[in-house]
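Okay, so here's the structure we're looking at.
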Amino acid sequence: MKLYNTLNKKIEEFVPNEEGKVKMYTCGPTVYSFAHIGNLRTYIFEDILQKGLEYIGYDVTRCMNITDVGHLTSDSDTGEDKMEKGAKREGKTVYEIADFYTEAFLHDMDSLNIKRPSIISKASSNIDTYIKMITKMLDDSYAYISGGNVYFDISKAKDYYKLSGMDKDLMMVGVRDSVEGDDRKRNPGDFVLWFTISKFENHIMKWDSPWGVGYPGWHIECSGIASKYLGEYLDIHCGGVDNIFPHHTNEIAQSEAYFGHKWCNYWCHGAHLNDKNGKMSKSKGGILTVSKLMEEGYSPLDYRYFCLNSHYRNQLVFSKEGMDSAHNALNKLKSRISVINEDGSIDLVKYNFYNDKFIDAFSNDINTSLMLTVLYDLLKDSDVNGSTKIKLISDFDKVLSLSLFEKDNVDISSDLESYIKSKIDERNNAKKNKDFELADSIRNELLDKGVKLTDTRKGTIYEII
Ligand code: AMP
Ligand code: ZN
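The following block contains the structure:
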């Protein structure tokens, strides 16, 4: 298995700390609004990585945090708290906001066939762990107290800029904003481990600590949760490229200061999904979500297919044309698969030939488009019998997770199609005549038959569920 390691800026052979076992940590969402499809691109790549590793025989333990406290609107230590901002916007409490958007995020993951990490932990549930870590870092002089806050002293960290690979002076430009008005810091790049109320009086989520009532900084949550659930050695840590600096850089500094040794061997970062204005981002607004895609008539798995067609380390530009072709290609693929019949026993030679090709594509730094090509080559191969094809496709789908045998996207028979269309017309007429009871009963009648209707701007669309 070869993986690009951001830490060493090259593709490397993957060797876990313990044979056969992988400890994997992936940064979770900040739950102050819906995840956009850019965020979800990163989770799709992490899902393929986990499932691919499992496919080739590793036992993977994956842990993910939910950021419900401490992440400010700026990546440095300034700005409003994202959660409090979300609560103000929606007139709810921060706890309600966190619960609502956590549920929405998990639902999005399910709809994209992303396996839920075995450990999911909220930042606000691990305060004792952060306090323990910060106390040790203070004792060991990696941290200091200034003006009521606790800071990490980056000059004490070994090779602080190693992950980002950037010039120290250049990185200082990135922290210039935080330099202004924060003369409590010893070095401009120092970051907050613990905020106290002296600076953020109206903060709602706060806890008692040896340094005063306050709340943790954003970076300590991931170091804390990873160490609590996965121990002191990580094999793989993932996130989007925007996490490299400052978030992952600071995670390394804290964790290695706390443990006194190298913490994580492989750092894997997914490139961004861009829209025509650049990086899709929650703070910029105008984001696309899974439900918006569905309103446009796409299935979440069309988007998964769209992502798998490009390499995770290449930027991907979202376009309607790209989604249309993903939608059509996935439909066609499922139709082709649906007509394959079991016809005898599995041909092991052919099975191994294609399975090895599939594994090679995955092991070559997660080459998902090549994994799909192997699937298409298999479908074309008239020397492989139906039973062998079905076995291979269902095995590949353990990683690809495109629900290749499910009929939801498959073209349905013209009889059924005309029946559904006549029902949709009937319902539209009922709505026109303001007979909403009849309209609802038609919708429910179809739902009972496994046909889900969704009203979009372009009219009513249906989905076989
Ligand atoms: P957030 O909820 O903002 O903390 O981000 C959750 C995850 O999505 C992180 O791993 C980010 O690096 C990643 N991410 C943010 N924006 C994008 C984007 N436009 N494309 C891909 N991944 C992104
Ligand atoms: Zn993180």
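First residue of the sequence shown: 666, per the working numbering; consecutive thereafter. All C-beta atoms, glycine included, are put in the ideal place defined by N, C-alpha and C. No experiment lies behind these values; they were computed from the predicted model shown.
Query	Result
If you draw a straight line from the alpha carbon of Pro681 to that of Met802, how long is it in whole angstroms?	27 angstroms
Using CA coordinates, which residue listed in Ala994, Met945, Lys949 is at the minimum distance from Arg969?	Ala994
For Val1004 versus Leu938, is the C-beta spacing smaller than 9 angstroms?	no
Using the C-alpha atoms, what's the distance from Cys692 back to Ser790?	16 angstroms
Short check: CB of Ile676 to CB of Met729, under 9 angstroms?	no
Assuming Phe817 and Gln980 are in contact, meaning their beta carbons sit under 8 angstroms apart, how far apart are those beta carbons, in whole angstroms?	About 31 angstroms; that fails the 8 angstroms criterion.
Taking 5 angstroms as the limit, tell me which residues put their C-beta closer than that to any heavy atom of the ligand ZN, in chain order.	Cys692, Cys887
What number of angstroms, rounded off, separates the C-alpha of Ile1181 from the C-alpha of Ser1087?	Past the boundaries of the shown model lies residue 1181; the chain is included only from 666 to 1130, so the question cannot be answered.
Among Arg727, Tyr1016, Asp1046, whose alpha-carbon lies nearest the alpha-carbon of Lys1056?	Tyr1016
Can you check which of these residues, Ser964, Lys797, Ser888, Thr1033, is closest to Cys929 by C-alpha distance?	Ser888
Please state the DSSP three-state secondary structure of Val759.	helix
Leu895 and Thr726 look like a contact to me (Cβ under 8 angstroms); what is the Cβ gap, rounded to whole Å?	7 angstroms
So for Leu981, helix, strand or coil by DSSP?	strand
When the Cα atoms are used, what is the spatial distance from Gly1124 to Ile1089?	10 angstroms
Helix, strand or coil, according to DSSP, for Phe1018 in the structure here?	helix
Please confirm if the stretch 874-884 is in contact with the stretch 849-861, defined as three or more CB-CB distances below 8 angstroms between the two stretches.	yes
Can you give me the Cβ contacts of Val844 inside the same chain, cut-off strictly under 7 angstroms, excluding the 5 residues immediately before and after it?	Its pLDDT being 43, under 50, Val844 is placed unreliably by the model, and the measurement read from it follows with that caveat. Pro853.
Under 8 angstroms from any heavy atom of the ligand AMP, does the C-beta of Ala922 make it?	no
Between the alpha carbons of Lys850 and Ala822, how many angstroms are there, rounded?	15 angstroms
Going straight from the alpha carbon of Ser1121 to that of Glu960, what length do you get?	It should be noted that the sequence gives Thr, not Ser, for residue 1121. Taking the straight line from one Cα to the other gives about 5 angstroms.
At which residues does the alpha helix (DSSP H) containing Asp1042 begin and terminate?	1033-1045
Per DSSP, which residues does Leu1111 bridge with? Please list them.	Leu1111 pairs with nothing; no bridge assigned.
What does a CB cutoff of less than 8 angstroms around Lys667 pick up in its chain, not counting 5 residues either side in sequence?	Ile676, Glu677, Glu678, Phe679, Ser1028, Asn1029, Asp1030
Measuring from the CB of Lys944, is there a heavy atom of the ligand AMP at a distance below 8 angstroms?	yes
Mind checking which residues open and close the alpha helix (DSSP H) that includes Ala700?	Careful: Ala700 lies outside any alpha helix (DSSP H) and carries neither H nor E.
Apart from the five residues on each side of it in sequence, which residues of its chain come closer than 6 angstroms, Cβ to Cβ, to Lys997?	none
Is the closest heavy atom of the ligand AMP to the C-beta of Tyr708 under 8 angstroms?	yes
CB of Asp1008 to nearest heavy atom of the ligand AMP: below 8 angstroms?	no
Please report how far the alpha carbon of Val759 lies from the alpha carbon of Pro881, in whole angstroms.	16 angstroms
Would you identify the three-state DSSP class for Leu777, choosing helix, strand or coil?	coil
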